[in-house]
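One structure below.
2 protein chains.
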Amino acid sequence: MDDHAAFLQRVEALRAGVDRRLAELAPAVGSAPDRLVEAVRYSLLAPGKRFRPMVTLLAAAELGAPEGAALDVACAFEMIHAASLILDDLPSMDDAGLRRGLPTIHRAFDEATAILAGVGLLNQAYVVIAADQGLPASLRAELAGRAAQAVGFSGLIAGQARDLFDREQLRDPAALERLNHEKTGVLIVAAAQGGALVAGASPAVVEAMGVFARHIGLAFQIRDDLIDAQGSVEAAGKDVGKDAAMATVASTLGLAGAGQAMEAHLAKASGALALAGCDGLLGRYVGELFARRKAAA
Amino acid sequence: MDDHAAFLQRVEALRAGVDRRLAELAPAVGSAPDRLVEAVRYSLLAPGKRFRPMVTLLAAAELGAPEGAALDVACAFEMIHAASLILDDLPSMDDAGLRRGLPTIHRAFDEATAILAGVGLLNQAYVVIAADQGLPASLRAELAGRAAQAVGFSGLIAGQARDLFDREQLRDPAALERLNHEKTGVLIVAAAQGGALVAGASPAVVEAMGVFARHIGLAFQIRDDLIDAQGSVEAAGKDVGKDAAMATVASTLGLAGAGQAMEAHLAKASGALALAGCDGLLGRYVGELFARRKAAA
């Protein structure tokens, strides 16, 4: 097996491990009202690339954490991500019909079930982090705090509120970048730094991982804007063209300018990753992810 | 000043302290999108008896915690409670118009804002617990875990789902009691045990506080059912008569039977409180609360 095949196999093994553990950490049939359990599992276990947990796991592995030590924390970040997708898609928010190639949860079930599943999944992340007996209590408290900061009034929730209420006023690139960081970056930062913390990394490495993740998050958001502007529903697995009336990096800078901005963020992300000593596995994983997407576009 | 006046003054001082601290722990104007901050503060800082934080504070005080040690944890429980009220009141859930004597948040603002405020407040509880530097990290991790268990798929969220989807099937008292425990009791249990844990109480005392809180929660829920069946909107400060078509303890056992069930729970709560050595301040506080309500009814 050549080096590239071995790399892909290792990445896929990690991803499959996340899927298996998510299935265990999700509420089991019979443990809560059936409809709620079904909705949570429908949403959380839908096929996905598991980007945030992969970042946690690859960072932890590369920085020397024992195998498996970061798995539950990684799954907690996927739970938070799944919760944010459910809530952002709601009829009163983005009113999305399609997510990960499937009907959104409020269409497959109903709005009340979607809200309870979303809130429940967010909350379950804290259940999982707090119960992770493989980690010292001080680390569990720190990880829960960082996750909560990423979700909260200066993170995902602020970003969604700004997106809903203030998007029309956002015309300059700096304001859009802040929005994109809140909507995407903060959770990737928490996921990357979470992996570093589980590995016992130094504050300088944790900091560098944050810089890496911030830029990756911004690059991701621009890529999503580009897919939305150019792409097809089939390729995206979710509704596209919905941002046409909204300011995005693509509409502000143009498609070519947005592509350049994305490349600049990727370069800064690489630099930070090298600084953190994480430019092996994790750098390659992120590089492949963007390369695949570019080839598909 | 007589003993009773001194008691009332002490209770009111604690309650006012909770209000002040909640105002500090809520997102500040300018720290997140204005509309979201306004909605969160509208909801969290609306006048309320602050029952859950009062239970935490009185339990902590009576079990010997240093003054103020439990204040932030107490406020975290009020945040979770406020979040659950916002979410339960939503149009897709109970579609309530009035709460704490004011228009519900989705009517005063809009549905998306209400959802983000509710999720944000729930999440803020974990921010607050994780950041409470006055407590050892191991205790912060334990408190976050217990709070998350109380909210999650075997707690408030399960209860709300059961209430929405299964209420028609709930005809026997045991099933109703489980529902009522999930909807109300679990969080009061976490609040009471949280106070005991901050005070460094023994496992036996923590356990007894849980028994106390479970029965107080059930008594509360029956009292709410009775207010709903008999009461006026003015006295309740929220919509009443909405449960007419639903099975409640009052509809299953009749008004007199429900009253007796409530008294039985109060007696068991008192017994557990005496066992825990918390029947001074906390016992008196709870006793007065129910006595006042009975006099008002």
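Going line by line, the protein sequences match chains A and B.
If you're matching positions, the first sequence starts at 3 in this note's numbering and goes up one per residue.
If you're matching positions, the second sequence starts at 3 in this note's numbering and goes up one per residue.
Positions of the beta carbon are idealized from the N, C-alpha and C atoms, including for glycine.
Since the model is a prediction, treat every value here as computed from it, not as a measurement.
Here glutamate 14(B) is exposed. Its C-beta has fewer than 16 other C-beta atoms within 10 Å. If you look at leucine 189(A), you'll find it in the alpha helix (DSSP H) that goes 188-200.
Within the stretch 83-168 of chain A, no run of beta strand (DSSP E) reaches 3 residues while sitting entirely inside it. Annotation: the continuous alpha helix (DSSP H) that includes histidine 6(A) extends over 5-27.
Put simply, the CB of glutamine 162(A) is near chain B, with a gap under 8 Å to one of its CB atoms.
Across the structure, isoleucine 159(B) and threonine 115(A) are spaced so that their CA atoms are roughly 10 Å apart. Distance from the CA of leucine 60(B) to the CA of leucine 284(B), rounded to the nearest whole angstrom, comes to 5 Å. Identification of residues in the stretch 105-123 of chain B having a C-beta nearer than 9 Å to some C-beta of chain A yields His108, Asp112, Glu113, Ala114, Thr115, Ala116, Ile117, Leu118, Ala119, Gly120, Val121, Gly122, given in sequence order.
Burial state of proline 29(B) is buried, judged by a 10 Å Cβ sphere holding 16 or more other Cβ atoms.
Excluding residues up to 5 positions away in sequence, Arg102, Leu104 lie with their Cβ nearer than 7 Å to the Cβ of alanine 48(A) in the same chain.
Going by DSSP, arginine 52(A) is part of no alpha helix (DSSP H) at all; its letter is neither H nor E. With contacts defined by Cβ atoms closer than 8 Å, arginine 54(A) and leucine 268(A) do not form a contacting pair.
Beyond the five residues adjoining it in sequence on each side, serine 86(B) comes within less than 6 Å, by CB distance, of Leu158 in the same chain, given in chain order. Scanning the stretch 269-299 of chain A from its first residue to its last, the whole alpha helix (DSSP H) runs of 4-plus residues come out as 283-298.
When DSSP states are grouped into helix, strand and coil, glutamate 69(B) belongs to the coil group.
Relative to the Cα of leucine 137(B), the nearest Cα in the group His183(B), Leu73(B), Met264(B) belongs to Leu73(B). By the C-beta density criterion, aspartate 134(B) is buried, having at least 16 other C-beta atoms within 10 angstroms. Per DSSP, glutamate 40(B) is one residue of the alpha helix (DSSP H) stretching across 36-46.
Excluding five sequence positions before and after alanine 146(A), the CB atoms of its chain that fall closer than 8 Å to its own CB belong to Tyr128, Ile131, Ala132, given in chain order. From the listed residues Leu275(B), Ser272(B), Leu100(B), Ala203(B), the smallest Cα separation to proline 68(B) is found for Ala203(B).
Residues of chain A with a Cβ closer than 8 Å to the Cβ of glutamine 126(B) are, in chain order, Ala150, Gly154, Phe155. Contact residues of the stretch 31-46 of chain A toward chain B are Ser33, Ala34, Pro35, Arg37, Leu38 (C-beta to C-beta distance below 7 Å). Secondary structure of aspartate 174(A) (DSSP, three-state): coil. Between histidine 217(B) and alanine 274(B), the C-beta spacing is below 8 Å. Straight across, the Cα-Cα distance linking valine 153(A) with valine 207(B) is about 35 Å.
Look at isoleucine 159(B): its C-beta is under 8 Å from a C-beta on chain A. About 30 Å separates the beta carbon of serine 45(B) from that of serine 33(A), a gap too long to meet the 8 Å contact definition. Going by C-alpha positions, glycine 219(A) is about 10 Å away from arginine 225(A). In terms of beta-carbon proximity, arginine 23(A) stays away from the interface with chain B, with every pair separated by 8 Å or more.
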